[in-house]
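Heads up: the protein sequence lines correspond to chains R and H, in order.
The first sequence begins at 5 in my numbering and counts up one residue at a time.
The second sequence begins at 5 in my numbering and counts up one residue at a time.
All C-beta atoms, glycine included, are put in the ideal place defined by N, C-alpha and C.
Shown next, in structure tokens, is the structure this report addresses.
2 protein chains.
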Amino acid sequence: MLAVLSGGTGTPKLLQGLSRLLEPKELSIVVNTGEDFGMSGIYISPDIDTVVYTLAGIVNEETWYGIRGDTFFCHEMLKRLGEEELLMIGDRDRAIKIHRALLFNQGKTLSEATKLLCRKLGIEANVMPMSDDRVTTYINTEAGVMTFHEFWVVRGAADKVLDVAFKGAEGAEPAPGVIEALEAADAILIGPSNPVTSIGPILSIKEIRATLSRHRGKVLAVSPIIGDRAVSGPAGALMQGLGYEVSSVGVAQLYRDFVGTLVLDNTDNHFAPAVEELNIKAVFANILMPDHINRVALARTILELAKFK
Amino acid sequence: MLAVLSGGTGTPKLLQGLSRLLEPKELSIVVNTGEDFGMSGIYISPDIDTVVYTLAGIVNEETWYGIRGDTFFCHEMLKRLGEEELLMIGDRDRAIKIHRALLFNQGKTLSEATKLLCRKLGIEANVMPMSDDRVTTYINTEAGVMTFHEFWVVRGAADKVLDVAFKGAEGAEPAPGVIEALEAADAILIGPSNPVTSIGPILSIKEIRATLSRHRGKVLAVSPIIGDRAVSGPAGALMQGLGYEVSSVGVAQLYRDFVGTLVLDNTDNHFAPAVEELNIKAVFANILMPDHINRVALARTILELAKFK
Numbered sequence: 005m006l007a008v009l010s011g012g013t014g015t016p017k018l019l020q021g022l023s024r025l026l027e028p029k030e031l032s033i034v035v036n037t038g039e040d041f042g043m044s045g046i047y048i049s050p051d052i053d054t055v056v057y058t059l060a061g062i063v064n065e066e067t068w069y070g071i072r073g074d075t076f077f078c079h080e081m082l083k084r085l086g087e088e089e090l091l092m093i094g095d096r097d098r099a100i101k102i103h104r105a106l107l108f109n110q111g112k113t114l115s116e117a118t119k120l121l122c123r124k125l126g127i128e129a130n131v132m133p134m135s136d137d138r139v140t141t142y143i144n145t146e147a148g149v150m151t152f153h154e155f156w157v158v159r160g161a162a163d164k165v166l167d168v169a170f171k172g173a174e175g176a177e178p179a180p181g182v183i184e185a186l187e188a189a190d191a192i193l194i195g196p197s198n199p200v201t202s203i204g205p206i207l208s209i210k211e212i213r214a215t216l217s218r219h220r221g222k223v224l225a226v227s228p229i230i231g232d233r234a235v236s237g238p239a240g241a242l243m244q245g246l247g248y249e250v251s252s253v254g255v256a257q258l259y260r261d262f263v264g265t266l267v268l269d270n271t272d273n274h275f276a277p278a279v280e281e282l283n284i285k286a287v288f289a290n291i292l293m294p295d296h297i298n299r300v301a302l303a304r305t306i307l308e309l310a311k312f313k
Numbered sequence: 005m006l007a008v009l010s011g012g013t014g015t016p017k018l019l020q021g022l023s024r025l026l027e028p029k030e031l032s033i034v035v036n037t038g039e040d041f042g043m044s045g046i047y048i049s050p051d052i053d054t055v056v057y058t059l060a061g062i063v064n065e066e067t068w069y070g071i072r073g074d075t076f077f078c079h080e081m082l083k084r085l086g087e088e089e090l091l092m093i094g095d096r097d098r099a100i101k102i103h104r105a106l107l108f109n110q111g112k113t114l115s116e117a118t119k120l121l122c123r124k125l126g127i128e129a130n131v132m133p134m135s136d137d138r139v140t141t142y143i144n145t146e147a148g149v150m151t152f153h154e155f156w157v158v159r160g161a162a163d164k165v166l167d168v169a170f171k172g173a174e175g176a177e178p179a180p181g182v183i184e185a186l187e188a189a190d191a192i193l194i195g196p197s198n199p200v201t202s203i204g205p206i207l208s209i210k211e212i213r214a215t216l217s218r219h220r221g222k223v224l225a226v227s228p229i230i231g232d233r234a235v236s237g238p239a240g241a242l243m244q245g246l247g248y249e250v251s252s253v254g255v256a257q258l259y260r261d262f263v264g265t266l267v268l269d270n271t272d273n274h275f276a277p278a279v280e281e282l283n284i285k286a287v288f289a290n291i292l293m294p295d296h297i298n299r300v301a302l303a304r305t306i307l308e309l310a311k312f313k
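Right under this line is the structure:
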């Protein structure tokens, strides 16, 4: 059994590879919900949706958001009517989100709705939100406090980051099954997602973080950084703002309490001493995953490390 | 000022003609809401939507429902997810209905939402629901009690009609502005819609019916029946079930308390004595409106009768 902590771009790529090599029932995925928000009567959970669409084989791999080949007629009309429509939601994607909103209206929780949706889309892996309680990521910058969406999508991570907060995390419980899956897993993988705003919200839930710490020996992470640059997204600006070096060493520092093994890019092998100094085993692989072959190869490396094969 | 009572197919055709000849501000339309229902989180008001789309020039004239050239991707996905989706709602059409649902969430009434929608679609005519209270048409048949949708769309009007009821009509108030528009109108036109389930629900609101009775002299109706057949829809089966002759004479009997002039088809001039016996003036015109030219011509006849020109 492999448990994966996931954000919305890097880790889903790796999940494509992992889902080729593992039986779906061997895979549990705990997904960030810190960027969730309501819009036009539907509930947007960017990372859950990308993970679900990835596992269903229908994700748009150009953007790692929404459904491949979707149309946007409803979205365009809603904009013309004056609705905010912060995100472009495709017509098929919207149907899935409307279906989820209707499940909420029937009293279903986010984890129940996610399970039902997975079943309808033929996904057998166990996809769970980190929590059914609402936890929202806010970025405190020199230009003020803003959501991740505003910081990254609207303003292009141009503002100097002072701090990051996870509103609601204090009292949030892990979603049903999350702790059990982490406990039962042969290995826990922290995917190559933004450590601050994709993995950070998951770790902001005390019980999840404590469980990882207790099982440090079986926790592996894949660095989302090569050299001094994030593979994608604003991880660099965020790590820098929090006072961490933008490198796999910075990632190791962020994860030192609960990660036993860190997978770095082959080109970063000079970081080995600094990582091992933190009592983290440094392992090297090609962590850039532009295509399916790389994704399967990295997945195979991880399963070997985790002694699955 | 012309006030029109409208259902969802025949009267909108005539509204196309009327809107060519009248200034929009001279036109008030009171629309049946007896077939309204909620579905997939949106509110469907079939007749309001057809009237609004007709006046906006975007109605699908093949079906007199929805928007011309619309796509159905969201609808198809919702069906696959197991949502009931009783009606095919197009992607653009759905956006408009989502917008309305969001206006309801903000506390807007159906008449307020209709006004806002009309403004956004560039409609200056005064479109009003018959009521902001929920009134629902039920058909009591030998196969049981059912909604109009089930009676007509699902079962093709195959069941013998015993009775028709308008649930909620007892305590329903006319929507704001309806009585004022009827009072102020130089003429009130009952469009060529199904007298039982399109015009019937409007008349089930006591104050509306009483206002029409008080102004019988200025109330004109266009028969929706030619010979012994309804031009479209199940008006025949419904009239028969209620014990009325399926002809313009039956329509005259249904409307005798509040209609001063009835427009019958040219081919029905043998009905003149029976209609005039009810103290209703019988006028003859070509009431079949397969195309735009017929719609404008009938509209012109009506405006002449109403002494508009």
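So with Cβ pairs under 8 Å, would you call residue i a contact of chain R?
i             : result
residue 222/H : no
residue 98/H  : yes
residue 82/H  : yes
residue 128/H : no
residue 95/H  : yes
Whole-angstrom Cβ separation of residue i and residue j, contact assumed at under 8 Å?
i             : j             : result
residue 172/H : residue 139/H : 4 Å
residue 46/R  : residue 123/R : About 20 Å; that fails the 8 Å criterion.
residue 275/H : residue 251/H : 7 Å
residue 264/H : residue 210/H : With 8 Å as the limit, residue 264/H and residue 210/H do not qualify as a contact, their Cβ atoms being about 20 Å apart.
residue 80/R  : residue 72/R  : Between residue 72/R and residue 80/R the Cβ distance is about 19 Å, and since that is not below 8 Å, they are no contact.
residue 196/R : residue 284/R : Contact flag wrong, Cβ pair sits at about 15 Å.
residue 137/R : residue 177/R : 6 Å
residue 121/H : residue 100/H : 7 Å
residue 189/R : residue 32/R  : 7 Å
residue 114/H : residue 133/H : 5 Å
Hey, how far is the Cα of residue i from the Cα of residue j?
i             : j             : result
residue 297/H : residue 18/H  : 11 Å
residue 4/H   : residue 77/R  : Past the boundaries of the shown model lies residue 4/H; chain H is included only from 5 to 313, so the question cannot be answered.
residue 131/H : residue 34/H  : 6 Å
residue 102/H : residue 218/R : 47 Å
residue 288/R : residue 225/R : 12 Å
residue 307/R : residue 182/R : 21 Å
residue 151/H : residue 11/H  : 16 Å
residue 199/H : residue 192/H : 15 Å
residue 165/R : residue 6/R   : 34 Å
residue 145/R : residue 169/R : 11 Å
residue 22/H  : residue 303/H : 5 Å
residue 214/R : residue 201/R : 19 Å
residue 257/H : residue 186/H : 22 Å
residue 260/R : residue 43/R  : 37 Å
residue 300/H : residue 28/H  : 15 Å
residue 234/R : residue 9/R   : 18 Å
residue 68/R  : residue 54/R  : 6 Å
residue 229/H : residue 163/H : 20 Å
Using a cut-off of 9 Å between C-beta atoms, extract the partners of residue i located in chain H.
i             : result
residue 122/R : Neighbours of residue 122/R on chain H: none; closest Cβ ~12 Å, over 9 Å.
residue 90/R  : The contacting residues do not exist; residue 90/R stays about 14 Å from chain H at best.
residue 103/R : 44, 81, 82, 85, 86 and 87
Give a yes or no on whether the minimum CB-CB distance between residue i and chain H is below 8 Å.
i             : result
residue 106/R : yes
residue 17/R  : no
residue 313/R : Because the pLDDT at residue 313/R is just 47, under 50, the model does not fix this residue reliably, and the point stays unresolved.
Please list the residues of the stretch 41 to 57 of chain R that have a C-beta atom closer than 8 Å to any C-beta atom in chain H, keeping them in chain order.
-> Residues 44 and 45.
Cβ-based contacts, 7 Å cut-off: residues of the stretch 64 to 83 of chain R near chain H | Answer set for the stretch 64 to 83 of chain R: 75, 77, 78, 81 and 82.
Selection of the stretch 262 to 273 of chain H by Cβ proximity to chain R, strictly under 9 Å = The residues in question: there are none.
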